[in-house]
Structure formats: structure tokens, C-alpha cells
Amino acid sequence: MKFSTIFSVFLATLSVQQDYGFDHIGIIIGEVKEKALKKKTKRDFVAQFHHLVMNKERDTEYRHTNWETRKQKDGKAEPKLEFLTKINSAKKATSVTKKGNEYIKDHKKWEAKKTDCKTFVDYIHSTIA
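Numbering (mature numbering (1 follows the signal peptide of the UniProt record, and there is no 0)), first residue to last: -21 to -1, 1 to 108.
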């Protein structure tokens, strides 16, 4: 890949980040699990983080990993969680991986405001909301 191509992608990425008002966005699907411990109840949030990233060739990649609710290993604070929605359907929640893979088949190249992390989240949210 040429330097000019990398530079133009970098500028497009910065422009989109400024327009959106954030660096990256993903969707977290999970559930609160409760466990009774003597007189107390322990709650844990078990979830997966689904998001779209761009590789060096400007191809889009769908990734999903287990969500960790504690501080990041690099010392950064926990990402800000917004726009929380409750989903009462396990079927919808488990369909996210399938929908993510479907999205990536039709959106192979990263393009600002057409195939980026926000358009991915908007698509996934529309299928489960």
C-alpha cells in the first residue's frame, strides 16, 4: 500500500471521528448473572463486544471478544458506555454474531460513513431492537 493511500485513509478516519464525536464504537451483548453467596448476592455481567475494524488493506473485519468490565490492561479507564437498551429475547442476542458475519460479506471495504464502525453498530442495533 502506498504512503499516500495510508495517509488519505488516516485523514478520512480522523474526519469521521471528529464528525461522530468518538474514536470507536461497538455493541456489547450480555446478561447480568446472579449467584447467591450465603447472605449476599453476587452479580456479574457476562458479555461479548462486537465491532468492525479496518485492516491495513482497508478491508473491514468483524471482531467479537469477551467483554471485560474492569480497567484495561494498558492503564486506560474503562470505555464510556452509552445508549443502553434492554433486550428480552435470547434469540435476538444470539443472532448478533450471524448478523455481524452477514454485514461483513456485503461491506468488505472500509469507507467513511458508509462502511465503518458506526454503520455496523447501527445495522446490528436495527436487527435486535
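Here a beta-carbon is modelled for each residue, glycine too, at the ideal position from N, C-alpha and C.
| Check | Outcome |
| --- | --- |
| Pairwise C-alpha distance: Ala15 and Gly9 | 20 Å |
| Continuous beta strand (DSSP E) stretch holding Ile8: start and end | 6 to 16 |
| Proximity of Val100 and Ile7 at Cβ, strictly below 7 Å | no |
| Range covered by the alpha helix (DSSP H) that runs through Asn45 | It is not in any alpha helix (DSSP H) - Asn45 instead sits in the beta strand (DSSP E) that spans 39 to 45. |
| Buried versus exposed call for Asp95 [16 or more other C-beta atoms within 10 Å across all chains shown] | buried |
| Delimiting residues of the beta strand (DSSP E) encompassing Asp23 | 19 to 33 |
| Those residues which DSSP pairs with Glu90 across a bridge | Thr94 |
| Classification of Thr73 by the beta-carbon crowding that lies within 10 angstroms, buried from 16 upward | exposed |
| Cβ pair Thr39, His86 closer than 7 Å | yes |
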